[in-house]
Every structure is written in C-alpha cells, then in structure tokens.
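> Mapping of the first sequence onto the working numbering: residues 21 to 885, in sequence order. By construction, the Cβ of each residue, glycine as well, lies at the ideal position given by its N, Cα and C atoms.
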Amino acid sequence: MHETYDPVAVEAAAQRHWDSAGTFRALEDPGREKYYCLSMFPYPSGRLHMGHVRNYTIGDVISRFMRMQGRNVLQPMGWDAFGLPAENAAMANGVPPARWTYENIATMKRQLQALGFGLDWSREVTTCRPEYYRWNQWLFLRMLEKGIAYQKTGTVNWDPVDQTVLANEQVIDGRGWRTGALIEKREIPMYYLGITAYAEELLGALDGLEGWPERVRTMQANWIGKSEGVTIAFPYRLGEEARTLKVFTTRADTLFGVTFVAVAAEHPLAAHAAALDPALAAFVEECKRGSVMEADLATLDKRGMATGLSVTHPLTGAAVPVWVGNYVLMGYGEGAVMGVPGHDERDFAFARKYGLPIRQVIDVGGQPYSGERWQSWYAEYGRCVGSGRYDGLDHAAAVAAIAADLEARGLGARQVQWRLRDWGISRQRYWGCPIPLIHCTGCGIVPVPDQDLPVVLPEDLVPDGSGNPLAKLQSFVACRCPRCGAAARRETDTMDTFVDSSWYFLRYACPGNDAAMVDARANYWLPADQYIGGIEHAILHLLYSRFWTRVMRDLGLVGVSEPFQNLLTQGMVRNAIYFRKPATGRVAYFNPADVEVLTDAKGQVTGARLKADGQPVESGGIGTMSKSKNNGVDPQAFIDRYGADTARLFMMFAAPPDLSLDWSDEAAEGASRFLKRLWRAVHAHVTAGPTPALDPAALSATDRALRRLAHQTLAKVTDDYGRRRTFNTAIAAVMELLNAITRHDASTPVARAVVHEALEFAVLGLSPVVPHITHALWHALGHPRAVIDEPWPAADPAALVQEAVELVVQVNGKVRSRIQVAVDAGEDAVRAAALADPTVQRFVGAQTVRKVIVVPGKLVSVVAH
RNA sequence: GCGCGCGUGGCGAAACUGGUAGACGCAGCGGACUUAAAAUCCGCAGCCGCAAGGCAUGGGGGUUCGAGUCCCUCCGCGCGCACCA
Numbered sequence: 021m022h023e024t025y026d027p028v029a030v031e032a033a034a035q036r037h038w039d040s041a042g043t044f045r046a047l048e049d050p051g052r053e054k055y056y057c058l059s060m061f062p063y064p065s066g067r068l069h070m071g072h073v074r075n076y077t078i079g080d081v082i083s084r085f086m087r088m089q090g091r092n093v094l095q096p097m098g099w100d101a102f103g104l105p106a107e108n109a110a111m112a113n114g115v116p117p118a119r120w121t122y123e124n125i126a127t128m129k130r131q132l133q134a135l136g137f138g139l140d141w142s143r144e145v146t147t148c149r150p151e152y153y154r155w156n157q158w159l160f161l162r163m164l165e166k167g168i169a170y171q172k173t174g175t176v177n178w179d180p181v182d183q184t185v186l187a188n189e190q191v192i193d194g195r196g197w198r199t200g201a202l203i204e205k206r207e208i209p210m211y212y213l214g215i216t217a218y219a220e221e222l223l224g225a226l227d228g229l230e231g232w233p234e235r236v237r238t239m240q241a242n243w244i245g246k247s248e249g250v251t252i253a254f255p256y257r258l259g260e261e262a263r264t265l266k267v268f269t270t271r272a273d274t275l276f277g278v279t280f281v282a283v284a285a286e287h288p289l290a291a292h293a294a295a296l297d298p299a300l301a302a303f304v305e306e307c308k309r310g311s312v313m314e315a316d317l318a319t320l321d322k323r324g325m326a327t328g329l330s331v332t333h334p335l336t337g338a339a340v341p342v343w344v345g346n347y348v349l350m351g352y353g354e355g356a357v358m359g360v361p362g363h364d365e366r367d368f369a370f371a372r373k374y375g376l377p378i379r380q381v382i383d384v385g386g387q388p389y390s391g392e393r394w395q396s397w398y399a400e401y402g403r404c405v406g407s408g409r410y411d412g413l414d415h416a417a418a419v420a421a422i423a424a425d426l427e428a429r430g431l432g433a434r435q436v437q438w439r440l441r442d443w444g445i446s447r448q449r450y451w452g453c454p455i456p457l458i459h460c461t462g463c464g465i466v467p468v469p470d471q472d473l474p475v476v477l478p479e480d481l482v483p484d485g486s487g488n489p490l491a492k493l494q495s496f497v498a499c500r501c502p503r504c505g506a507a508a509r510r511e512t513d514t515m516d517t518f519v520d521s522s523w524y525f526l527r528y529a530c531p532g533n534d535a536a537m538v539d540a541r542a543n544y545w546l547p548a549d550q551y552i553g554g555i556e557h558a559i560l561h562l563l564y565s566r567f568w569t570r571v572m573r574d575l576g577l578v579g580v581s582e583p584f585q586n587l588l589t590q591g592m593v594r595n596a597i598y599f600r601k602p603a604t605g606r607v608a609y610f611n612p613a614d615v616e617v618l619t620d621a622k623g624q625v626t627g628a629r630l631k632a633d634g635q636p637v638e639s640g641g642i643g644t645m646s647k648s649k650n651n652g653v654d655p656q657a658f659i660d661r662y663g664a665d666t667a668r669l670f671m672m673f674a675a676p677p678d679l680s681l682d683w684s685d686e687a688a689e690g691a692s693r694f695l696k697r698l699w700r701a702v703h704a705h706v707t708a709g710p711t712p713a714l715d716p717a718a719l720s721a722t723d724r725a726l727r728r729l730a731h732q733t734l735a736k737v738t739d740d741y742g743r744r745r746t747f748n749t750a751i752a753a754v755m756e757l758l759n760a761i762t763r764h765d766a767s768t769p770v771a772r773a774v775v776h777e778a779l780e781f782a783v784l785g786l787s788p789v790v791p792h793i794t795h796a797l798w799h800a801l802g803h804p805r806a807v808i809d810e811p812w813p814a815a816d817p818a819a820l821v822q823e824a825v826e827l828v829v830q831v832n833g834k835v836r837s838r839i840q841v842a843v844d845a846g847e848d849a850v851r852a853a854a855l856a857d858p859t860v861q862r863f864v865g866a867q868t869v870r871k872v873i874v875v876p877g878k879l880v881s882v883v884a885h
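In structure tokens:
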C-alpha cells in the first residue's frame with residue numbers, strides 16, 4: 021500500500037477492475053429481486069455540468085448500496101439527443117446538428133466513465149438514432165388508429181421576418197431573438213395526443229404514488245386541475261344565423277352578476293366586428309402580437325375593447341356586451357370567458373378600468389359591499405342576492421338550480437373541466453423525430469405504412485434560422501402516396517422532444533430488439549424502483565411519461581401503469597453571481613472563479629473584485645448555475661485536480677439531495693482532505709503489523725465504546741442510504757467514526773482488532789459514495805474480494821448495548837440540568853432522580869411542582885408554579 | 001399573475017415521530033511540528049455578559065409542560081407555467 025493517496029492511479033485501477041469483471045452488466049434473472057435505478061438522461065449539450073454530476077452520483081450511491089444489499093441492479097444511461105440547442109449550435113458554427121450531437125455524446129460519455137458510475141453501457145439509448153425513434157413513429161401511428169392522436173389548430177409564436185416559428189425561449193420581450201421583430205401569434209394545424217382522456221386516471225393514481233414527494237404529487241394534481249362547473253351558452257345572431265357563445269365557469273352561482281363577456285382576438289365574433297370598425301381591427305391586430313406563454317399572459321396588463329356586439333343572457337334575456345380581451349386565448353376552452361366583476365378580482369379590475377357595471381350577487385354574512393374597492397371576501401362562497409328566484413341559495417344549491425334551468429332551455433350543462441390540455445407534439449423544426457405522415461392531394465393525410473418505418477431524418481442538413489430545412493429538401497419531401505401511388509408530400513414537422521423522453525426507460529430494458537418497441541424484459545425491470553432527476557421536471561416530463569406508459573399498457577405492450585415507483589427530486593446546483601452593469605449596454609456576468617471575494621477579520625464578506633483588473637464587481641446573490649449568468653463550474657477541471665471520488669464526496673456531503681446545493685471551492689477542498697485522512701488512517705493501521713481476531717469479551721471500556729460507535733455508525737449509515745436517502749448525514753457519521761478511530765489508543769492487540777473492524781465499517785460505509793478509494797482500501801485491509809462484491813453487513817445488537825444514559829431535565833420548559841440513569845430505570849425512579857437533583861431544586865425553589873413529564877431515554881420536564 | 005417548495009451561526013448544514021438547537025464540515029482564531037512555508041496534528045468558537053444568566057431557527061401572532069418542527073399572517077428566495085431540456 022502506498023503511503024499517500026494518489027487518486028489518478030487508484031481510480032484507474034478500480035475502473036479497470038469493474039470493466040474487466042463486467043461488474044455492472046445487468047442480466048434478467050427471475051430468481052433474483054431486481055432493482056431498477058434510473059436517472060434522468062442528459063441532453064448532450066457538450067460537457068457534463070455539476071447538475072449531472074450530482075444527479076448521477078445520487079443514482080450511483082443508491083445503485084451500489086442496493087447491489088451490496090443483494091439486489092439485481094440495473095443502472096442504465098442514454099442521451100436525450102434531439103432538440104433546439106443542436107440547431108442553435110449549427111447556426112452558430114455551420115456544423116450539422118447530428119455531428120455536433122454525436123461529438124458531444126462522445127465527450128460526455130468519457131466524462132461519465134471517468135466519474136466511475138456503475139452503468140450498464142450495453143443498454144445505452146440515443147434518441148436521435150433511427151433504431152430508437154422509429155418506435156416513436158410506430159406508436160404515434162397506433163395512437164392515430166385509436167384516435168388518441170388527432171389534428172387541430174394550435175397557437176405558435178411567429179417571427180414575420182425569418183418566416184419561422186419560434187420556441188418560447190426564443191421570444192424576448194415579445195420580439196424574435198435573432199430578428200428583433202415583433203412576434204405574432206399564429207394558428208396552424210398541429211398533431212395532438214389526447215392526454216385529457218387519461219386525466220381522471222392520472223389524477224386518481226397520484227394517491228398510490230407513495231414513493232413520490234408530496235409536493236410533486238400536489239403540483240401534478242393542480243396541473244391536471246379537475247374542476248366541476250357549468251358550460252353556459254349565450255345566444256346571439258350573426259346576420260341571419262342564430263349562434264351561441266359558450267363559456268365555462270365554476271361559479272354559475274354568479275351568473276346574474278355577468279356584465280360583459282370577453283372573447284379572444286382570434287374569435288369569429290371579434291373578426292366580424294373588426295371588419296366594420298378600424299379602431300377595433302387595430303386592437304385585434306395588437307392582441308395578436310406578443311408571446312403565447314402563460315406567464316406573460318398572466319402578468320399582462322389586462323386590456324380590452326368593446327365590439328359593439330352583444331349576446332343574450334341565457335336566464336334574464338338581457339343584452340350582455342361583448343368585449344375583445346387581450347388576456348383571452350383562442351386555444352383554451354371556447355376562446356371566451358364571462359365577466360363577473362362583482363366576484364372575480366381580475367374582472368373587477370377590468371370593469372373599473374373600462375367603466376363596466378359591477379353587480380353584487382353573492383352575500384357573505386351581510387358584510388357591506390362596495391364597488392369602489394375590491395375585498396377578498398367578494399370571491400368567497402355565500403348566498404345569492406339580486407339573482408331573482410335563486411336568492412338565498414348557497415353555492416352548491418345555486419349552481420345545481422341554475423345548471424338545471426339552463427339545461428332545460430338547452431343553454432348549458434354541468435361539465436367536468438380539466439386545466440390539463442391535450443399535448444401538442446408538432447414542432448416546425450428539423451432536429452427531431454419526423455412525424456410519419458404523407459399529404460396526398462387525393463387521399464388527404466395518409467399514415468406511412470409500418471413496413472416503411474422508420475422515416476429517417478437526414479443527418480447532414482444545417483438549419484439557417486429561416487424555417488425548417490427539411491421543407492426545402494426535395495429528396496425528403498417528395499414521395500408517393502402509399503394509398504393511391506400519386507406524387508405526394510411528406511410531413512416535415514417533427515415531434516416534441518418530450519416524446520423521446522416519455523419511454524426511454526422502457527427501451528433500456530430491451531436492448532438490441534429491432535423487431536419490437538419493447539418485449540417481456542420490460543416487465544421484469546419495470547417499474548423503475550427509483551427515479552432521480554431535477555425538480556424542474558416535476559410536472560411535464562413526469563406527467564407525459566405516466567401518460568405514455570398507460571397508452572402502451574392499453575396497447576398491450578407493457579404490464580405497468582406507473583413507470584416510476586419512487587421519485588427523488590434533486591435540488592439545483594447553484595453558485596454565486598457577479599456582474600457589472602455599465603451605464604449603457606448589456607450587463608456583463610463574471611465567473612466566480614475569476615472573482616476574488618473580500619472579507620473582514622471575522623470572515624464576513626465585504627465585497628468582491630475581478631482578479632483580472634482588481635476593480636469591484638457587484639454581487640447578484642446565488643443562483644442556479646447557468647450559461648446566461650456565467651456562474652457554472654466545469655466538473656472536468658475539478659476532477660482533473662482532485663479526482664472523481666472527491667467530486668462525488670463533496671456533492672453528497674454538501675447538502676441533502678432534494679435541497680439546492682451551493683458550490684464552494686473551499687468545502688470541496690475539505691472533501692479532498694477527508695479522503696487523504698481516511699487513506700492515512702488505513703495506511704497507519706496496516707503498516708503497524710498484523711491484527712488478531714476480535715474477541716468481544718476481552719475489550720476495555722474505551723474499546724467497547726469505539727466498537728459501539730462503529731456499530732451505531734453502520735446502523736445509521738444503512739438507514740441513511742436505504743430509508744432516508746440523506747447521504748450527507750451518512751458521510752458525517754463516518755467522519756465522526758474516523759475521528760474516534762484516529763483518537764483511539766491502539767497500542768494493544770485487542771484495541772487493534774477493534775480499530776480494524778471500525779475501519780472496515782468506515783470503508784464499507786463510504787464505498788457507495790467514493791467507490792474507487794474504498795476499492796483500494798478494502799484490499800489494503802486484507803480482503804481479496806472487491807468491496808463492491810461484499811454483502812452489506814448488519815450491526816451487531818450486542819455491540820450496541822449501553823449501560824447508562826444521560827437525560828436532560830427541564831424546569832418550566834428550560835434545560836436546567838442533566839442526570840445519569842440506568843438504561844432500564846423505571847419512570848418513578850427517573851422522576852425521583854430528577855427532583856432530587858440540586859440544580860433542579862434550586863430552580864424549583866419555593867414553587868409547587870404541578871406536573872412531571874418523563875420522556876424515556878430523552879428528558880424529564882418539571883412544571884412548577 | 002397563478003401553482004408548489006424553501007428560509008437555522010461568518011458559510012454549507014444537523015436536529016428522522018412536538019422533547020438537549022447548531023452534530024459533521026468550510027472559513028476563522030490559538031498552539032505543536034518545521035530554518036521557513038505547505039501539509040499534518042491538538043485546542044477554541046452562536047450572540048450578549050466577568051459570572052450567574054439572558055437572547056437566539058426570516059418578521060409578527062397562536063396551540064402546547066415543551067415549537068426549527070403544528071396552525072394563521074407577512075416578507076424574502078427558488079422551481080414550474082405547456083415550443084429550453
């Protein structure tokens with residue numbers, strides 16, 4: 021054994037061993053209990069970032085721990101390889117997205133291997149490969165057959181200069197990121213997947229997901245958003261034609277408070293009125309500008325304009341004016357909402373702004389109502405007033421009565437409404453999975469026959485920002501109609517990349533199968549016993565995966581409904597943000613590595629300056645590591661300097677996995693120090709000579725104490741890895757054990773035996789986190805077998821036995837004293853000992869003891885007045 | 001704006017089921033070793049106070065013998081908001 025710890029040599033040796041032994045190759049074995057440990061696969065952006073290191077270290081710790089617990093572990097990895105950044109890189113560098121993507125994958129794969137993750141690379145999935153995405157296409161066609169996939173129009177961001185559709189992130193302050201042109205909303209035909217048909221099941225099944233964080237379940241439930249309400253029709257005439265304007269509301273009890281209805285700019289009524297009114301036409305055009313993002317819409321200054329048209333109130337027969345509202349979107353519901361300013365805060369503000377009437381129709385405990393100022397009780401449930409025959413009814417009764425009356429007139433019906441909308445999967449982009457359809461002038465839209473799949477995406481195109489290059493590629497577009505044989509046009513839209521990530525975890529289970537999407541092996545491995553990924557995916561990715569898995573279930577392809585049994589949402593990795601804001605121009609961000617932090621004598625931060633020019637920079641607090649804030653730390657530089665184990669150790673020690681983690685160079689340095697200390701401790705022990713077998717009967721009191729601590733630590737570490745998933749506390753416990761070991765007088769053979777066992781527990785306990793150094797140390801402690809192949813030991817109950825415990829004594833809620841009592845002391849004895857304690861007596865003084873509460877093993881609480 | 005979280009020493013955190021607030025580590029300070037430095041080892045350390053003791057878990061209020069933990073409210077920060085992944 022070398023005297024000093026050399027991470028480069030140690031890590032290479034351990035990785036060579038795992039490679040040659042095929043340690044992490046997973047095989048289906050019905051006789052063994054499987055454990056599928058799944059981490060969210062990365063987008064191949066170029067290099068690994070710290071978020072990846074954290075995510076995959078968590079997965080690797082759990083995988084290695086479960087493997088040592090005897091489970092048949094599968095830990096796969098792959099690449100979420102389609103997406104926008106590849107097109108952006110292509111535009112910037114003139115390199116085809118495919119080449120850029122494959123090069124990034126090669127780099128990042130090397131980095132993952134350098135970190136020593138126990139991955140089964142024989143199951144690698146790359147979503148931009150035809151052998152993967154052909155099954156996207158195949159399943160899409162099955163959904164089309166079952167009516168789960170269908171076509172309708174959807175709203176997109178349109179850049180009128182580049183003549184192209186933009187992603188939300190490419191719209192900045194309502195303008196195109198490259199052209200600066202004002203963005204327009206545009207309605208185009210798209211394909212949708214009917215996730216709302218599964219809404220009830222996706223919502224109901226959340227209750228059974230006990231291995232998911234409560235907050236993720238709550239977020240999903242709110243996102244699905246089941247609400248029971250009433251669809252109400254407001255009749256109107258357009259020329260000679262009788263029509264109705266439909267709105268949905270959960271507050272039908274406020275129907276008599278309706279003083280206007282608002283429609284989207286794209287609504288036929290708006291278009292009709294605008295044709296006669298140039299001012300309105302201008303407003304409608306203005307409404308069509310701006311992004312389609314809900315966050316933008318919600319923070320928008322609510323504006324509107326009267327159309328001069330009106331619809332008929334379905335119960336009172338009164339004329340209700342129709343307004344165009346910039347906050348109403350055509351795609352959601354029927355593109356119209358009813359305005360009840362008396363009892364809806366946003367409608368109230370809108371009515372005040374435009375002088376529309378405000379009518380109280382709900383009374384809550386007779387509180388005085390004023391149309392001058394909004395009060396929160398206006399929106400609460402109460403009893404109807406000013407609502408004709410419905411006066412006096414409460415919310416439920418009024419909704420029921422109004423719904424029944426509307427239904428009788430054919431002007432409304434009770435309806436369950438979902439906030440969840442169907443999933444639009446069409447993207448007007450090149451670097452994605454082609455949608456397998458053909459447009460024929462004679463036959464319409466024709467699916468590509470199964471035997472012609474996959475529709476292969478050409479990999480040599482370079483997008484230029486003006487639309488999808490596929491549409492300009494004749495060799496791709498030109499085709500024959502599979503039905504009639506006439507010349508036809510191939511669909512050039514590609515699929516949302518969320519499609520790719522909705523089932524990759526199923527494909528991991530079925531490597532090499534080019535005859536079917538999945539096979540029986542999926543039912544061995546699924547559901548994933550543990551899924552680990554960023555909290556930012558709490559809603560969309562997880563919901564789409566739950567939906568997609570159910571569709572595959574209903575097609576008889578898999579046996580499970582829920583793909584992820586347990587979910588661990590890791591927090592963000594953050595770092596300090598430094599910037600300078602020049603008087604004119606853009607804010608410049610500086611990487612924290614280039615900034616020197618100034619502190620006072622007590623270590624308090626007083627300021628910061630750029631190392632390059634010594635001039636001060638401003639602090640922007642701490643934020644998620646990102647390119648835009650220039651506050652990322654490159655894991656590779658760190659690994660090159662300290663080694664993979666130190667990177668892994670710091671990541672696991674700095675914070676529990678679900679909390680955000682703040683980067684710190686100094687703390688990372690501390691992780692490196694601890695590993696050196698561990699190495700030295702083992703080195704000192706093994707070079708001091710042979711160790712006799714441990715005889716528990718021969719131990720001194722201090723030997724017994726160290727042995728108890730070692731077994732306590734083992735028990736705690738086991739619980740922390742397995743049940744609690746708090747790796748930081750497991751590591752802290754081993755640090756305490758190592759402190760005790762190095763302090764222990766190991767001059768007798770018996771003491772050496774105790775130290776030997778304690779070191780074994782420290783090495784085993786850390787092995788899931790720092791697998792390379794522990795691989796070497798385990799051998800150094802005299803074990804021929806690799807530590808990863810050792811069974812996880814159990815703590816010896818006999819070693820844990822304690823004779824006496826210290827109890828805290830509180831007087832009137834404050835800690836005043838401590839007493840030693842036997843472990844098996846009865847409550848009366850403990851009470852007597854507490855009251856007899858001189859310090860307790862001093863604090864009780866002349867007061868009468870009213871009550872004594874004894875919490876066994878913890879404390880005694882004396883209440884006196 | 002809406003939905004969901006989080007907030008504890010100079011810093012990252014611990015306190016698991018309502019029961020000793022600050023384990024473990026970073027930074028800091030003092031000492032040992034060294035010609036010296038680095039590395040390493042030993043020790044100190046929430047704040048106020050000589051001490052006794054008091055005050056402290058973002059602010060305010062409540063429940064309880066007892067609250068970091070439960071409830072209400074306000075403030076700050078983070079994540080998501082459907083075409084970033």
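#1: Can you tell me which residues form a DSSP beta bridge with A169?
#2: Comparing C-alpha positions only, which one of N113, A225, G359 and V115 sits nearest to L563?
#3: Check whether the Cβ atoms of W438 and I244 sit closer than 9 angstroms, and answer yes or no.
#4: If you pair each beta-carbon of the stretch 352-364 with each one of the stretch 264-284, do three or more pairs fall below 8 angstroms?
#5: In chain order, what residues of the same chain have a beta carbon less than 7 angstroms from the beta carbon of L473, not counting five sequence neighbours either side?
#6: Answer with buried or exposed for C148, where buried requires no fewer than 16 other C-beta atoms within 10 angstroms of its C-beta.
#7: According to DSSP, is K647 part of a helix, a strand, or is it coil?
#8: Using DSSP's beta-bridge definition, name the partner residues of N586.
#9: Can you tell me where the beta strand (DSSP E) with V250 in it begins and where it stops?
#10: Tell me which residues share the same chain as V807 and place their Cβ nearer than 6 angstroms to its Cβ, disregarding the 5 neighbours each side in the sequence.
#11: Does the Cβ-Cβ distance between V789 and R700 come in under 9 angstroms?
#12: Can you give, in chain order, each stretch of the alpha helix (DSSP H) that sits fully within the stretch 364-426 and has at least 4 residues?
#13: For P341, which beta-bridge partners are listed by DSSP?
#14: Within the stretch 452-479, note down every full beta strand (DSSP E) run reaching 3 residues or more, in order along the chain.
#15: Am I right that G98 and T175 are in contact with their C-beta atoms under 8 angstroms? What's the rounded C-beta distance?
#16: For L801, which option in P712, V841, R743 and R724 has the closest C-alpha, if you only look at C-alpha atoms?
#17: So which of A842, V829 and I873 has the shortest CA-CA distance to Q861?
#18: Taking all protein chains shown into account, decide if A782 is buried (16 or more other Cβ within 10 angstroms of its Cβ) or exposed.
#19: Look up E847 in the DSSP assignment and say whether it is helix, strand or coil.
#20: Quick check on M325: buried or exposed, where buried means 16 or more other Cβ atoms within 10 Å of its Cβ?
#21: Identify every residue that forms a DSSP beta bridge with Y55.
#22: From G345 to G249, what distance separates their C-alpha atoms?
#23: From the DSSP output, read off the bridge partner residues of Q840.
#24: Could you check whether the stretch 567-581 touches the stretch 212-226, counting it as contact only if at least three pairs of C-beta atoms, one from each stretch, sit closer than 8 angstroms?
#25: If we require 4 or more residues per run, which alpha helix (DSSP H) segments fall completely within the stretch 691-740?
#26: Could you check if Y170 is buried or exposed, using at least 16 other CB atoms within 10 Å of its CB as the buried criterion?
#27: Relative to the C-alpha of Q387, which candidate in L376, V405, A371 and Y374 has its C-alpha closest?
#28: Spell out the partners DSSP gives E898 in its beta bridges.
#29: Closest by CA to Q448, which one among Q183, H705 and Y374?
#30: Are at least three pairs of beta-carbons, each pair with one atom in the stretch 417-429 and one in the stretch 191-201, less than 8 angstroms apart?
#31: Less than 9 angstroms separating the beta-carbons of R772 and A708?
#32: Grab the span of the alpha helix (DSSP H) containing F303 for me, first residue to last.
#33: Helix, strand or coil for G785, going by three-state DSSP, please let me know.
#34: Report yes or no: do three or more beta-carbon pairs, one from the stretch 70-81 and one from the stretch 114-123, lie closer than 8 angstroms?
#35: Expressed to the nearest angstrom, what Euclidean distance is found between the alpha-carbon atoms of R724 and V821?
Reading off the structure:
#1: As a position in the first sequence, residue 169 is number 149, starting the count at 1. For A169, which the question treats as bridged, DSSP gives the partners L213.
#2: Indexing the first sequence from 1 puts residue 563 at position 543. Among N113, A225, G359 and V115, the Cα nearest to that of L563 is on A225.
#3: Mapped onto the first sequence, residue 438 falls at position 418. Mapped onto the first sequence, residue 244 falls at position 224. In contact: W438 and I244 (Cβ atoms closer than 9 angstroms).
#4: The stretch 352-364 and the stretch 264-284 touch, with no fewer than 3 CB-CB distances between them shorter than 8 angstroms.
#5: On the first sequence, residue 473 is found 453 positions in, with the first residue counted as 1. Spatial neighbours of L473 in its own chain (CB-CB distance under 7 angstroms, excluding positions within 5 residues in sequence) are listed in chain order as R154, Q157, W158 and P456.
#6: Mapped onto the first sequence, residue 148 falls at position 128. Burial call: buried.
#7: What you label residue 647 is simply residue 627 of the first sequence in a count that begins at 1. Coil, per DSSP.
#8: In the first sequence, residue 586 corresponds to position 566, counting from 1. Paired residues: G231.
#9: By 1-based counting over the first sequence, the position of residue 250 is 230. Per DSSP, V250 is one residue of the beta strand (DSSP E) stretching across K246 to L258.
#10: Position 787 of the first sequence, counting from 1, holds the residue named residue 807. Sequence-distant partners of V807 (beyond 5 residues in either direction) whose C-beta falls short of 6 angstroms from its own C-beta, in its chain, are S787, T794, H795 and W798.
#11: Numbered from 1 along the first sequence, position 769 holds the residue referred to as residue 789. Numbered from 1 along the first sequence, position 680 holds the residue referred to as residue 700. No, the pair does not count as a contact, with Cβ atoms beyond the cut-off.
#12: Runs of alpha helix (DSSP H) with 4 or more residues, each lying fully within the stretch 364-426, are found at 365-374, listed in chain order.
#13: Taking the first residue of the first sequence as position 1, residue 341 is located at position 321. As computed with DSSP, P341 is found in a beta bridge with S330.
#14: Annotation: the stretch 452-479 contains the following complete segments of the beta strand (DSSP E) (minimum length 3 residues), in chain order: 457-460 and 464-467.
#15: As a working mapping, residue 98 is identified with position 78 in the first sequence. As a working mapping, residue 175 is identified with position 155 in the first sequence. Cβ atoms of G98 and T175 stay farther apart than 8 angstroms, at about 33 angstroms.
#16: Stepping through the first sequence from its first residue, residue 801 is reached at position 781. Of P712, V841, R743 and R724, the residue nearest in Cα terms is P712.
#17: The sequence position of residue 861 within the first sequence is 841, counting from 1. Closest option to Q861, Cα to Cα, is V829.
#18: The residue you call residue 782 lines up with position 762 of the first sequence. Residue environment: A782 is assigned as buried (16 or more neighbouring CB atoms within 10 Å of its CB, all protein chains considered).
#19: For the purposes of this step, residue 847 is taken as residue 827 along the first sequence, with counting starting at 1. Helix.
#20: Taking the first residue of the first sequence as 1, we reach residue 325 at position 305. For M325, the number of other beta carbons within 10 angstroms of its own is at least 16, and it is reported as buried.
#21: Against the first sequence, residue 55 aligns to sequence position 35. Residue pairing for Y55: DSSP places it in a beta bridge opposite V93.
#22: Walking along the first sequence from the start, residue 345 turns up at place 325. Walking along the first sequence from the start, residue 249 turns up at place 229. If you take the alpha carbons of G345 and G249, they lie about 22 angstroms apart.
#23: The residue given as residue 840 occupies position 820 in the first sequence. E826, per the DSSP bridge assignment.
#24: Remark: three or more beta-carbon pairs, one from each stretch, lie closer than 8 angstroms, so the stretch 567-581 and the stretch 212-226 are flagged as touching.
#25: For the alpha helix (DSSP H) assignment, the uninterrupted runs of no fewer than 4 residues enclosed by the stretch 691-740 are, from N- to C-terminal side, 721-739.
#26: Position 150 of the first sequence, counted from the first residue, corresponds to residue 170. Classification for Y170: exposed.
#27: As a working mapping, residue 387 is identified with position 367 in the first sequence. Ranking L376, V405, A371 and Y374 by Cα distance to Q387 puts V405 first.
#28: Coverage of the chain is limited to positions 21 through 885, which leaves residue 898 absent and any answer about it impossible.
#29: As a position in the first sequence, residue 448 is number 428, starting the count at 1. Per the Cα distances, Q183.
#30: The count of Cβ pairs closer than 8 angstroms, one atom from the stretch 417-429 and one from the stretch 191-201, stays below three, leaving the stretches out of contact.
#31: Against the first sequence, residue 772 aligns to sequence position 752. Against the first sequence, residue 708 aligns to sequence position 688. A contact, by the Cβ cut-off of 9 angstroms.
#32: Locating residue 303 in the first sequence gives position 283, where the first residue counts as 1. Going by DSSP, F303 is part of the alpha helix (DSSP H) stretching over P298 to C307.
#33: What you label residue 785 is simply residue 765 of the first sequence in a count that begins at 1. In this structure, G785 counts as helix in the three-state DSSP scheme.
#34: A contact is defined here as three or more CB-CB pairs under 8 angstroms, and the stretch 70-81 fails this definition with respect to the stretch 114-123.
#35: The residue you call residue 724 lines up with position 704 of the first sequence. The residue you call residue 821 lines up with position 801 of the first sequence. Those two C-alpha atoms are separated by around 10 angstroms.
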